[in-house]
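Positions 38 to 215 (our numbering) are the ones given, in order, by the sequence shown.
By construction, the Cβ of each residue, glycine as well, lies at the ideal position given by its N, Cα and C atoms.
Fair warning: this is a prediction, and the values are worked out from it, not measured in the lab.
Taking it in order: structure first as C-alpha cells, then the write-up.
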Amino acid sequence: MIVGSTLAKIFDYFTTDPLRLLTLIGGSGGFAYWVSLYRGRSRVVIRGFRERSAVSGSDPRPCIEFEAESHGKEPTSLQREVSMVGYTPKRQARGFVFRLRDQDRDLQPFQPKTVIAIGEQDNLFPFLWFKTYVVTPTRGRRRVLRIEAAGGAPMSLIPFVRKRLAFQWFRRSALTTG
Numbered sequence: 038m039i040v041g042s043t044l045a046k047i048f049d050y051f052t053t054d055p056l057r058l059l060t061l062i063g064g065s066g067g068f069a070y071w072v073s074l075y076r077g078r079s080r081v082v083i084r085g086f087r088e089r090s091a092v093s094g095s096d097p098r099p100c101i102e103f104e105a106e107s108h109g110k111e112p113t114s115l116q117r118e119v120s121m122v123g124y125t126p127k128r129q130a131r132g133f134v135f136r137l138r139d140q141d142r143d144l145q146p147f148q149p150k151t152v153i154a155i156g157e158q159d160n161l162f163p164f165l166w167f168k169t170y171v172v173t174p175t176r177g178r179r180r181v182l183r184i185e186a187a188g189g190a191p192m193s194l195i196p197f198v199r200k201r202l203a204f205q206w207f208r209r210s211a212l213t214t215g
C-alpha cells in the first residue's frame with residue numbers, strides 16, 4: 038500500500054506540471070550524463086593471483102604475481118606498493134609491504150598486464166593465515182583480495198570474516214574439523 042501511494046504521489050507530481058519531467062531528465066547534466074559517468078569510471082580487475090614464498094632459490098623474499106586489467110575509458114596505473122596483513126599461527130597480526138618490480142605500472146583499458154611485487158624477507162610469511170592484500174590504482178577504487186591460507190584462492194568478504202573470527206576468537210582453524 039505504501040509503495041502504491043508513493044508511486045501515485047510521484048505520478049501526480051509530474052502530471053500537474055510536465056516541465057518538471059524535463060528538469061528531471063535534463064537537469065544536472067541529464068540522465069545520460071550520469072549514465073556516462075557511471076559507465077566511464079575506472080575499475081581495476083585482478084585475476085590469476087599467486088603467491089610464492091621466495092622469488093628464486095637465491096632470493097628468499099616473498100613474491101606475489103597477478104594479472105591486472107583496467108576496465109574504464111581512460112588508462113590508469115597502480116600505486117608502487119601493495120599492502121598485506123596476515124595472522125601468525127599465534128594469532129598475531131603481521132603487516133607486509135610488497136613493492137612492484139617493474140617501473141612501468143601503466144594499465145591501458147582492456148589490456149591485461151602481469152604484475153610482480155616483491156616483499157621484505159620474513160620467515161613467517163609461508164605460515165600466515167587470513168591474508169588481506171590491498172592493490173590500489175591511481176584512479177578508481179582499491180581492490181582487496183582475501184586469502185584464507187597459503188596457496189588458497191581469493192574469497193569473498195562474508196566467508197572470510199566468519200572464518201577469521203573463528204580463528205581469532207575460538208582458536209579454531211577453519212581448515213580442520215571438530
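Simplified DSSP assignment, three categories, for residue i
i: LYS150; result: strand
i: THR216; result: In the structure displayed, the chain extends from 38 to 215; residue 216 sits before or after that span and is not available.
i: PRO112; result: coil
i: ASP143; result: strand
i: GLY123; result: strand
i: ARG87; result: strand
i: ALA105; result: strand
i: VAL81; result: strand
i: PRO163; result: helix
Buried or exposed (CB count within 10 angstroms, at least 16 for buried), residue i
i: ILE101; result: buried
i: TRP206; result: exposed
i: MET192; result: exposed
i: LYS110; result: exposed
i: PRO174; result: buried
i: THR113; result: buried
i: TRP71; result: exposed
i: VAL152; result: buried
i: PHE11; result: Outside the modelled stretch of the chain, which goes from 38 to 215, sits residue 11, for which no answer is possible.
i: TYR170; result: buried
i: ALA203; result: exposed
For residue i, the first and last residue of its enclosing alpha helix (DSSP H)
i: ARG199; result: 194–206
i: VAL181; result: Where VAL181 is concerned, there is no enclosing alpha helix (DSSP H), although the beta strand (DSSP E) it sits in stretches over 180–184.
i: VAL40; result: 39–53
Residue j beta carbon less than 7 Å from that of residue i
i: ARG117; j: GLY156; result: no
i: VAL119; j: VAL172; result: yes
i: ALA154; j: LEU182; result: no
i: ILE83; j: ALA69; result: no
i: ILE184; j: LYS200; result: no
i: SER90; j: PRO146; result: no
i: GLY123; j: LEU165; result: yes
Bounding residues of the beta strand (DSSP E) (the contiguous stretch that carries residue i)
i: ALA130; result: 130–137
Interface flag, residue i vs chain D, CB-CB below 7 Å
i: MET192; result: In the structure shown, chain D does not exist; there is a single protein chain.
Any chance the segment 142–153 sits against the segment 41–55, with 3 or more Cβ pairs inside 8 Å?
no
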